[in-house]
Every structure is written in C-alpha cells, then in structure tokens.
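I have placed the structure first, in the form of structure tokens, so that the comments after it can refer back to it.
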Amino acid sequence: MGQMFGGDMGTMTAGDFSLIGYSGDNAMRDFLDGTSAITEGSVFEEGTENYDCIISQELATYNSLAVGDVMTLANPNDESETYDLNIVGIYETADTASENGMGGMFSAADPVNKIYMSYSALKSIVDQSTIINNNGMETSTAVFSQTNGTYVFANVNDYETFCEEVYDMGLSEDYTVTSADVNSYEQGLVPLDTLSTMAGYFLIVIVAIGVLILVVLNVFSIRERKYEIGVLTAIGMKKSKVAFIFITEILIVTIAAVIIGSGVGAAVSVPVGNALLENQITSQEQTAYNQQQAFGREMPSFDGTIAEPPQKAEGNGISAVTEISAAVDGEILVKLLGICVVLAIASAAVSVGTIMRYQPLNILANRD
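So in the numbering used here, spot 147 of the sequence shown is number 377, and the numbers just go up one at a time.
This is the structure in structure tokens:
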C-alpha cells in the first residue's frame, strides 16, 4: 500500500488530500471489514495503471462530483504539476480516526479526504513528481510518499518466522514489521494470562498444603494402626507387603476423591473462572481510564481506539476475551489424576518409612 501526501521530508507543504494506492483488493482492509463500503459505482480494477479512483461521499457532495467525473489534483509544492483522476466509485466510511497520527494538523489526515486508487497508478504519479534546479541549487518539489506492506499469514508462527527472515532477505532496518491483529490478540489475552498466572501460583500453594495435610493424616493413621502392623508382620507378612497395602488404600481413596472432585470442579469452574476474568478485565479498563484522567485527554489504547470508562467500554476500549469455557476432558482428568497420585505417593512415603522402622515384637509388647 502506498500513500502520497505532498512535499519533501525537509520542507513538506501540506496538501488537502491523501492519495492511497492498493496493490490488491485483499489489502483494502477497511472495505473487507465493513468500515467503508461503495455506494455508487465500483472499486477500481485491481492492478490497473489507469488513474481511476474512488472518493468519499462527503468529498463528492461538497465538490459536486459524481461517478464518471474527472477531478484534477495539483502537487502542493508545484501547482503546475497536475494529475487528472477518473472517479469510478464513491464510498461511505465509518472511520473517524487518522491512520498517520497527524490528527487535525492537515486536512489530508481527515478520513473523508482519502482518495483510493491502485498502487501502480499511484507509483506512476510519484515517479513523475519532479526535482528542479533553482539558481544552481537542487530543490525537490516531489510529493512525499510512504509505502506500507501488508502480508497475510496462516498463523502466528508464520508471522514470527517472517519477522525474523525478512531482514535477512534484505529489508532495511529503517522499516518496522508490525501486526495490529497480533498486537490486538496479545493485548486481549492479558486478562487470561494474568488469570493463568494466578491459577498457577494457587495450584502450587494447594499442592504444598495438600502434601503437608496428607503427611500429617498418614502419620496419625499409622500411629492408630501400629498394633495391626505388628500383628501382620509377626505372623510372617513381609514389611514390603504391609507397606503395599497401605499405599493401595491411599490410592483407592485418592481415585475416589478425584472422581468426586472432578464432578464438582466441572460444575463450578466455568462460573468461577468467568467471575475472576471479569475482575481482571474491569481492572485493565479501569487502569486505562485512570491514565486518561491523569493525562487530561483521551488516551489511545493498543489498537488505536480510545480508552473509555468501564461502564462505557463496550468493545471500544480494551478488546479482551470476556468469557471462557472450561470442560473436564480426558486430558485434564489424566493430568489431575497424575498430580493426585504424586501427592499420594509422597505422603505414602512417610507411611512406608514408619512401617519399616517398626519391630513387630516391640509393637506387641508395648501395646497401648
């Protein structure tokens, strides 16, 4: 995508319009996502070198222009340099923000003053823009232009690979490779990432406490069943077999607890998770709103939109994931069972160690 504003980098003269050229229909994102739409005529042919263009409804109305008319534009640095553009379509746009960040400094930054045409035709205009000699000194009257490249990738991995390889393939470091979609996606996942981190810490605490509780319970259980251990070992049962019996009992209780806990967890995980996520989203929106209040003006968010108060931010502020769906499937059950088995074995190790230290005759002789 190419853009032409008028002027050179040092002494740029502000023009009234901005010409935007697209190399293909797929690059016209505003028309693909519904921000803009043709109301009369049609979009110029893809890749055409003709000076065909489409203009906004407001621009056509204020200048009494219609499809089929010819409009003449002049280089703001050299008014003798003119170009005749054929109007093949008129569009309406819901865009109210400037893409180049100039705001109201130039009328060319106004979305209604954007004139769209093919990249080939725009490049022809830029190439024809002249450089003249004035009193022996070279003075540039060429219009100022910039090129924005847009690529479509199947997934984020392809995009990240492209970011790494594009500079190795010769792209100058003066260019920056960015993706509004990836940035929006990553920012939208901030509440989920925060929630995931909190859940991870919570899991670590629960596991640590669980091990401690199980160890304590097993210690008391062994003390209560010390005589039983003494009898079994006195009649000839090996200590290893006694330890196996205790471990089997613990694992049976563990599996039963997993089944019951999975059912309860599946029932409450979705509402609890959504409640926590809602708190994270509210916190993010409140932070953005506080920044706006602190600066005394509207602050752009990650996607170029305006941060609004939480009660007003309905898709305009932080565009985040607002709902999660949780399902206890086979993979989750296997992981849950694995964690529980590890906890059970860790606690059973204390039981086994205690059993191995007991001497059956001493137990029977010192029965409480």
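Yeah, the Cβ is synthetic: ideal placement off N, Cα and C, and Gly gets one too.
Pick from the options: whose alpha carbon is nearest that of residue i?
i: Glu479; options: Val396, Gly493, Val571, Gly560; result: Val571
i: Leu444; options: Thr484, Phe474, Gly400; result: Thr484
i: Gly379; options: Asp398, Ala576, Tyr405; result: Tyr405
i: Asn343; options: Glu416, Cys393, Ile250; result: Ile250
i: Ser253; options: Thr377, Thr391, Glu311, Gln287; result: Thr377
i: Gly560; options: Thr463, Val500, Gly493; result: Gly493
i: Leu567; options: Val502, Phe450, Val488; result: Val488
i: Glu311; options: Asp357, Gln287, Val273, Asp299; result: Asp357
i: Asn387; options: Met399, Val498, Asn504, Val412; result: Val412
i: Gln589; options: Met467, Phe476, Glu416; result: Met467
i: Ala486; options: Gln417, Leu563, Phe474, Ile465; result: Leu563
i: Ala304; options: Ser359, Asn592, Tyr292; result: Ser359
Within 10 Å of its beta-carbon, does residue i have 16 or more other beta-carbons around it, so buried, or fewer, so exposed?
i: Met586; result: exposed
i: Phe374; result: buried
i: Leu433; result: exposed
i: Asn448; result: buried
i: Glu454; result: exposed
i: Glu395; result: exposed
i: Lys565; result: exposed
i: Ser402; result: exposed
i: Val582; result: buried
i: Ser470; result: exposed
i: Glu515; result: buried
i: Pro421; result: buried
i: Phe247; result: buried
i: Ile452; result: buried
i: Phe274; result: buried
i: Ala438; result: exposed
i: Ala497; result: exposed
i: Ala464; result: exposed
Looking only at its chain, what residues have a beta carbon closer than 6 Å to the beta carbon of residue i, apart from the 5 residues adjacent to it on each side?
i: Leu481; result: Ala574
i: Ala579; result: none
i: Leu315; result: Tyr281, Cys283, Met301
i: Ile255; result: In the sequence under discussion, the amino acid at residue 255 is Asp, which differs from the Ile named in the question. Answer for Asp255: Glu276, listed in chain order.
i: Thr427; result: none
i: Ala429; result: none
i: Leu462; result: Val472
i: Asp299; result: Ile317
Assuming residue i contacts residue j under a Cβ cut-off of 8 Å, what Cβ separation, rounded to an integer in Å, is found between them?
i: Tyr346; j: Ile436; result: Contact doesn't hold; Cβ gap of about 58 Å is too wide.
i: Leu295; j: Ile317; result: 6 Å
i: Ile355; j: Tyr313; result: 6 Å
i: Asp325; j: Ser266; result: 7 Å
i: Ala576; j: Val441; result: 5 Å
i: Leu425; j: Leu506; result: 6 Å
i: Val472; j: Ile490; result: At roughly 28 Å, the Cβ-Cβ gap does not stay under 8 Å, so Val472 and Ile490 are not in contact.
Output needed for residue i: all residues of its chain with C-beta closer than 8 Å, excluding positions within five of it in sequence on either side, in chain order.
i: Val297; result: Glu270, Gly271, Ile317, Val318, Gly319, Ile320
i: Glu309; result: none
i: Asp260; result: Ser266, Thr323, Asp325
For residue i, collect the residues of the same chain with a Cβ closer than 7 Å to its Cβ; drop the 5 residues on either side in sequence, then sort them by chain order.
i: Met335; result: Reliability fails at Met335, whose pLDDT of 45 lies under 50, so the model's placement of it is uncertain and the value that follows must be treated cautiously. The answer is none, since no qualifying residue turns up.
i: Ser409; result: Tyr389
i: Ala290; result: Ala296, Ile320
i: Met258; result: Tyr252
i: Cys393; result: Val407
i: Asp398; result: none
Cβ of residue i within 6 Å of any heavy atom in the ligand NAP?
i: Ala464; result: Among the components of this structure there are no ligands whatsoever, and the ligand NAP is therefore not found.
Less than 7 Å between CB atoms is the rule here; does residue i satisfy it with respect to chain B?
i: Ala579; result: Judged by its chain identifiers, the structure shown contains no chain B, having just a single protein chain.
Worksheet item: For the segment 317-327 against the segment 377-386, are there 3 or more C-beta pairs whose distance is under 8 Å?
Response: no
Discussion item. Within 8 Å, do at least three Cβ pairs link the segment 344-360 to the segment 275-284?
Written reply: yes
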